[in-house]
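To start, the structure itself, in structure tokens.
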Amino acid sequence: MTALILVDVDGVLDPVVALDPVEQRFTARLTPDRLRHLERIRALGRLAWASSAHLDVTTALSDAVGSGARFERVTLVDRLPAQEGFTGETPKLQSVARWIDRIDADERPTCIVWIDDVLGRDAFRWADSTTPPTLLIRTDPDQGLLAEHVDRIEQFTSRWATA
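The working numbering applies: residue 2 is where the sequence shown begins, and numbers increase by one.
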């Protein structure tokens, strides 16, 4: 298996979203830089949306990458039973951990990258204690995903790539 890369939308990609009045669905466009960044990380492994963005938005973003890009979607649950290690500082953490734990053994990634603008200390503790090796990229919501983030992701995933 390859890397699993979890991508948030708001605060990371910040697409321009509009409602298509004819189709009655949301559309989303990325800046050329953000589209290049998304294409670069798509080449590194299996991507999944870890976002509360509307399904139309994530579908439009997947389509923007083209080449038959297929993104999975992490199921985010608002109210999961409290568990040790999940303090609530990172709202998506428990859902993300649960989703990853449910990946079939033959589909387990060699490493995980999670890109989000809301990653607290609890997420970093979880990443340090989980397997496979996990890299968290916390973006500044005013800047979003930058080339330097993608460089770090490429370096990290190259260490854990399988032949």
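From the three backbone atoms N, C-alpha and C, an ideal C-beta is built for every residue, glycine too.
Whole angstroms are fine: how far does the CA of residue j sit from the CA of residue i?
{"i": "arginine 153", "j": "threonine 32", "result": "21 Å"}
{"i": "glycine 121", "j": "serine 96", "result": "15 Å"}
{"i": "alanine 106", "j": "phenylalanine 157", "result": "22 Å"}
{"i": "glycine 145", "j": "leucine 36", "result": "12 Å"}
{"i": "glutamate 40", "j": "leucine 14", "result": "12 Å"}
{"i": "valine 34", "j": "arginine 126", "result": "Position check: residue 34 holds aspartate in this sequence, whereas valine was assumed. Distance between the alpha carbons of aspartate 34 and arginine 126 is about 31 Å."}
Among the options, whose alpha-carbon lies nearest the alpha-carbon of residue i?
{"i": "arginine 30", "options": "Asp123, Ile42, Ala44 and Asp11", "result": "Asp11"}
{"i": "tryptophan 100", "options": "Ala162, Glu24, Pro22 and Val78", "result": "Val78"}
{"i": "leucine 136", "options": "Ala54, Asp143 and Thr111", "result": "Thr111"}
{"i": "aspartate 123", "options": "Pro142, Val151, Thr91 and Ile138", "result": "Thr91"}
Got a sec? Which residues, its chain only, sit under 6 Å from residue i by beta carbon, not counting five neighbours each side?
{"i": "alanine 44", "result": "none"}
{"i": "aspartate 117", "result": "Asp9"}
Could you pull out every residue in the same chain whose Cβ sits closer than 8 Å to the Cβ of residue i, ignoring the five residues on either side in sequence?
{"i": "tryptophan 161", "result": "Ala4, Thr111, Cys112, Pro133 and Pro134"}
Exercise. Should the region 54-73 be called in touch with the region 126-133, which here means at least 3 C-beta pairs below 8 Å?
Worked result: no
For this session: Tell me, please, whether the region 45-63 touches the region 3-11 by the rule of three or more beta-carbon pairs shorter than 8 Å.
Result: yes
Problem set entry | Every unbroken alpha helix (DSSP H) within the region 12-100, with a cutoff of 4 residues, ordered by chain | 33-43 and 56-66
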